[in-house]
Ligand code: NAD
Ligand code: DAU
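Structure representation (structure tokens):
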């Protein structure tokens, strides 16, 4: 198999690359990443495999994309590149429209152009549970049939890209599957997101900024379980267990209010409850996500394997024992964001 992954220097991308390179049936793995503030080559510094190639470039650049697809004889694209942080999309949605919507459009048109030349290129489009909207306390978990109801600018751009993929499947007959996953945690996550931000602040004696009442619920999955899910979707699309146009949800039955996570981090780092600071809520904050993943289990034989308490213990330990990585992501851009958002 010859694979192009987009956004492979990001959090989920780097774990997907590592999982993929553990497999013998992968002949080539090309990573196209623009290295935005959240893309960090350090995430792959130990990846030393002759099947792997990194290309510094943007999915929005049609020429680069098309030449990589042709030169590298790519058979399948795992599309993860995105602007991924909800708070930043509230601040400014333009980069989200450019990367998440227009970047996905560029990939779809490149696939179409290759199809016209007689090449077949499949696509796994990596999306999110946020496209389904927000659940009430007693609502059942999202399924693949839950109608789309995105409620923040990031989620709208992801839902829009999902619909664009469906349109290209329906109109142009391209081969694509879409994955939707719940909140990921694990090593290498950029410390603007809840778990790494709270972990580093806790360890450094800083305040722990909990939005609103801290009772918003997310459904947490270890990043390596998600990475295996992306590869399982690729396998399912290629061997016909999934039809083109299908969606697969991934989750791990770990629903938890944010404040419980912050308390877990306090316990694991030996920080103090007095570091908790309730701050102004995120505007339009979705109250609850919960992911039904029965389809992934039934059709792909996938299930989450990493238990929450072990996963969290290892994750906190990883941030503690990788100060060079932490330093490498704390660029000027990171400091500016923290200053602007948290004051
Ligand atoms: P991330 O922000 O850590 O990584 C994004 C990567 O995309 C970075 O390496 C960045 O440099 C790259 N990138 C951005 N714009 C690009 C462009 N124009 N061209 C090429 N590369 C570009 O994000 P993540 O958390 O790893 O998320 C990856 C994907 O998974 C996203 O599509 C996101 O919507 C989805 N997702 C994330 C989660 C989560 O909990 N983090 C859950 C479900 C789905
Ligand atoms: O659900 C999947 C989504 O999960 C992905 O699609 C997104 O790319 C990813 O960023 C994540 O979105 P969230 O908004 O859920 O993640 P975040 O880590 O930003 O926030 C998790 C929860 O914690 C959310 O309810 C907001 C809250 N929070 C977050 C931060 C950064 C705080 O209370 N304080 C904070 O400082």
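Residue numbers (this note's numbering): 34 to 376.
Built from N, CA and C at the ideal position, the CB exists for glycine as well.
These numbers come from a predicted model, not from an experiment.
CB contact flag (residue 135, residue 93, <8 Å): A contact, by the Cβ cut-off of 8 Å.
Among 200, 256, 99, 78, nearest to residue 277 - alpha-carbon criterion: The shortest Cα separation from residue 277 among 200, 256, 99, 78 belongs to 200.
Closest residue to residue 309 among 245, 146, 217 (Cα-Cα distance): It is 245.
Backbone secondary structure at residue 283 - three-state DSSP: DSSP places residue 283 in strand when its eight states are reduced to three.
C-beta contact flag for residue 260 and residue 49 at 8 Å: In this structure, residue 260 lies near residue 49, with their beta-carbon atoms less than 8 Å apart.
Endpoints, alpha helix (DSSP H) assigned at residue 369: In the DSSP assignment, residue 369 falls within the unbroken alpha helix (DSSP H) covering 365 to 375.
Within the stretch 167 to 252, ranges of the beta strand (DSSP E) (whole runs, at least 3 residues): The qualifying runs are 209 to 214, 241 to 244, 250 to 252.
Start-end ranges of the alpha helix (DSSP H) lying completely within the stretch 103 to 143, minimum 4 residues: Unbroken alpha helix (DSSP H) stretches of 4 residues or longer found wholly inside the stretch 103 to 143: 119 to 124, given in chain order.
7 Å CB neighbourhood of residue 230 in its chain, flanking five on each side removed: So the list reads 224, once near-sequence residues are dropped.
Whole-angstrom C-beta distance between residue 322 and residue 252, which should lie under 8 Å: Confirmed, about 5 Å.
Among 187, 189, 168, 186, the one whose alpha carbon lies nearest that of residue 179: That would be 168, whose Cα lies nearest to the Cα of residue 179.
C-beta contact flag for residue 59 and residue 145 at 8 Å: In this structure, the beta-carbon distance from residue 59 to residue 145 does not fall below 8 Å.
Spatial distance of residue 315 from residue 150 (CA atoms): Each residue's Cα considered, the two are about 47 Å apart.
Residues passing the C-beta test against the ligand NAD heavy atoms, cut-off 6 Å: Per the CB criterion, closer than 6 Å to any heavy atom of the ligand NAD, the qualifying residues run in chain order as 39, 40, 42, 43, 44, 45, 46, 65, 66, 67, 68, 69, 71, 72, 91, 92, 93, 113, 114, 115, 117, 132, 136, 159, 161, 191, 214, 216, 217, 223.
The ligand DAU heavy atom lying under 7 Å from the CB of residue 182: Residue 182: no, Cβ never under 7 Å from the ligand DAU.
Among 238, 320, 288, 219, the one whose alpha carbon lies nearest that of residue 343: It is 219.
Residue 226: CB within 7 Å of a non-hydrogen atom of the ligand DAU: The ligand DAU has a heavy atom closer than 7 Å to the beta-carbon of residue 226.
Helix, strand or coil at residue 54 according to DSSP, with G and I counted as helix: In this structure, residue 54 counts as helix in the three-state DSSP scheme.
Among 313, 117, 221, the one whose alpha carbon lies nearest that of residue 190: Among 313, 117, 221, the Cα nearest to that of residue 190 is on 117.
Backbone secondary structure at residue 296 - three-state DSSP: The DSSP-derived three-state label of residue 296 is helix.
Residue 352, DSSP secondary structure in three states: Helix, per DSSP.
Contact test: residue 242 Cβ vs the ligand DAU heavy atom, cutoff 7 Å: Checking the Cβ of residue 242 against the ligand DAU gives yes.
Three-state secondary structure (DSSP) of residue 263: Note: residue 263 maps to helix in three-state DSSP.
Unbroken alpha helix (DSSP H) run spanning residue 331, endpoints: Element bounds for residue 331: 327 to 333.
Cβ-Cβ separation, residue 91 to residue 187 (assumed contact under 8 Å), whole Å: The pair is not a contact, with the Cβ atoms about 19 Å apart (cut-off 8 Å).
CB of residue 176 within 8 Å of CB of residue 325, strictly: With contacts defined by Cβ atoms closer than 8 Å, residue 176 and residue 325 form a contacting pair.
Residue nearest to residue 64 in terms of C-alpha spacing, selected from 297, 98, 56: Nearest in C-alpha terms to residue 64, of all of 297, 98, 56, is 98.
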